[in-house]
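My numbering puts the first residue of the sequence shown at 3, with every later residue one more than the last. Ideal Cβ positions, reconstructed from N, Cα and C, are used throughout, including at glycine.
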Amino acid sequence: MGWLDVEVLAGEQYGLITSAQVDVRGVSRATLHRKVRQGYVQQVRRGVYVLSSARWDIHRDLRAAWLSLDPKKSAGKRLWDSPQFIVASASAAEVYGVGDFYTQQYEFYSRERKQISFEDIHLSRRQDMSAEATIVEGLPLVPPTRLICDFLREGRDLEKVSLVLQELIQKEYEVHWSDVVDAVHKYSYRVYSASAPWIMGELLKTRIETRVSVHPTLDSYLESSEKLKLELPE
Numbered sequence: 003m004g005w006l007d008v009e010v011l012a013g014e015q016y017g018l019i020t021s022a023q024v025d026v027r028g029v030s031r032a033t034l035h036r037k038v039r040q041g042y043v044q045q046v047r048r049g050v051y052v053l054s055s056a057r058w059d060i061h062r063d064l065r066a067a068w069l070s071l072d073p074k075k076s077a078g079k080r081l082w083d084s085p086q087f088i089v090a091s092a093s094a095a096e097v098y099g100v101g102d103f104y105t106q107q108y109e110f111y112s113r114e115r116k117q118i119s120f121e122d123i124h125l126s127r128r129q130d131m132s133a134e135a136t137i138v139e140g141l142p143l144v145p146p147t148r149l150i151c152d153f154l155r156e157g158r159d160l161e162k163v164s165l166v167l168q169e170l171i172q173k174e175y176e177v178h179w180s181d182v183v184d185a186v187h188k189y190s191y192r193v194y195s196a197s198a199p200w201i202m203g204e205l206l207k208t209r210i211e212t213r214v215s216v217h218p219t220l221d222s223y224l225e226s227s228e229k230l231k232l233e234l235p236e
């Protein structure tokens, strides 16, 4: 193995490579640093590099942060196995291309406790993390339904959560309504100090009031949401 193997792996990881992966392929750090000086490679963050020839990737920094959590394993290996680190919360919404959130840290869930020294990464241990992630743009994300439930647990602005919900449906992601209802009922008073029917109404108000249907999927979405709102216990 040699530098060619490094380039092949980087090609499978959106141009990214970690110093640990370079070590595994028998390439010295001196060679890596020489490639940096020569302009063939650029450092993205501590321990993560990108080939200068790689195409621009809007999620490059998030992807680099994800790789840094388990730097020896290739992205493909981590996705093939049950992912130990999953992109969560506002970071996941950004990759889905939904909502209007801002976060100063890259947010991930971890199956096991892990100590990290990266100030720009927020890592939460979630033992109940789903066995499967939704793979989008080569990154493991919390599934859409879980994303909505997490936003409710975090006490996010309901108008913004409603926008995420609508946009996920428009993009044809599956939302499990029973789980959303359970989350609404669980967090209504605990987090929002409001009744469950009111919370559900706020989540679905825009589509129900305007009756705007920009995609056929939204027709059944409206019918289901109205029924859920009526059946939700106080």
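query                                                                                                                                                            : result
How is the alpha helix (DSSP H) around residue 31 delimited, first residue to last?                                                                              : 31–39
Return yes when the Cβ of residue 135 is within less than 9 Å of the Cβ of residue 73, no when it is not.                                                        : no
Among 146, 194, 191 and 159, whose alpha-carbon lies nearest the alpha-carbon of residue 174?                                                                    : 146
Is residue 109 buried or exposed, if buried means 16 or more other CB atoms sit within 10 Å of its CB?                                                           : buried
Classify residue 105 as helix, strand or coil using the three-state DSSP reduction.                                                                              : coil
From the DSSP output, read off the bridge partner residues of residue 136.                                                                                       : 143
Take the Cβ of residue 10 as the centre, count every other Cβ of all protein chains shown within 10 Å, and call the residue buried at 16 or more, exposed below. : exposed
Roughly how many angstroms lie between the CA atoms of residue 90 and residue 32, to the nearest whole one?                                                      : 36 Å
Could you tell me whether any non-hydrogen atom of the ligand GTP is closer than 8 Å to the CB of residue 103?                                                   : This structure lacks the ligand GTP; in fact it carries no ligand of any kind.
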